[in-house]
Amino acid sequence: MKKRSFTYWILTAFAFASSIQIGIASPAENEAKPLKAGYHEIKAKKAGLLLKNHKDLIVLDIRTEKEYVAGHIAKAKHVDFYESDFKSRLEKLDRKTPYLVHCASGGRSGRSLEIFRDLGFTRVYHMNDGFKGWMKEKLPSKKG
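So the sequence shown is numbered by this note's numbering: it starts at 108 and just counts up by one.
Structure representation (structure tokens):
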């Protein structure tokens with residue numbers, strides 16, 4: 108009986124020590140992972156998490172002025188896809204900065220990805236459900 112009890116306590120201690128080691132080695136769930144190079148299709152919910160964890164991620168709202176004023180993601184830069192200077196305005200941006208690009212529902216922003224590629228942008232996150240997806244997820248926005 109004593110041998111069995113001793114073995115039980117040894118195994119219990121080992122299991123406890125192993126769980127502590129695993130906990131230390133594992134990254135925290137909400138720890139920010141570096142933003143990867145390339146072009147990424149994401150939904151609004153994931154975009155919200157990326158913005159929360161990556162202060163260097165710049166939001167490019169490519170909807171019309173009227174759409175933007177009606178509501179937009181805080182700190183979003185507005186660059187209207189339909190304006191004749193759209194491409195030249197993108198040319199002025201840093202190609203290595205990570206960008207989150209969106210429109211209302213993903214159509215315009217999806218078409219804009221070819222321009223981003225042609226200009227040599229290296230880290231672009233396309234919120235393919237657009238601002239409508241952002242609002243559906245009840246994520247924060249502002250007017251004006």
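No residue lacks a Cβ here, since even glycine has one placed at the ideal position from N, Cα and C. All values derive from a computational prediction rather than experimental measurement.
Terminal residues of the beta strand (DSSP E) in which residue i lies
i	result
V231	230-234
Residues that DSSP places opposite residue i in a beta bridge
i	result
H209	D168
K249	H179
K184	L167
Where the alpha helix (DSSP H) containing residue i begins and where it ends
i	result
E148	Careful: E148 lies outside any alpha helix (DSSP H), inside the beta strand (DSSP E) at 145-149.
R215	214-226
L197	193-198
K243	237-243
Contacts around residue i, its chain only, beta-carbon distance under 8 Å, and the 5 residues preceding and following it disregarded
i	result
F223	Y146, L197, Y206, V208, V231
K184	I165, V166, L167, D168
L220	Y146, V208, V231, H233
L157	L142, I149, L164, L207, Y232
Best match in the options for proximity to residue i [C-alpha to C-alpha]
i	options	result
D187	S216, L226, I180, H161	S216
A154	G214, K245, G251	K245
G227	F238, T204, G237, G213	T204
M242	C210, D163, S219, L220	C210
K159	K173, H233, K182	K182
I172	D163, L156, E190	Looking at the sequence shown, residue 172 is not Ile but Glu. The residue with the shortest Cα to Cα distance from E172 is E190.
K239	D163, S195, R170	R170
Beta-carbon proximity list for residue i, same chain, < 6 Å, skipping 5 on both sides
i	result
L200	none
K250	G178
A135	Here the model assigns A135 a pLDDT of 44, short of 50, so the residue's position is not dependable, and the following value carries that caveat. Excluding sequence neighbours, A135 sits near nothing in its chain.
E148	H233, N235
D225	none
Close beta carbons around residue i, own chain, < 7 Å, minus the five adjacent residues each side
i	result
G213	N235, D236, G237
I180	V166, D168, W241, S248
A144	T229, R230
F193	V186, D187
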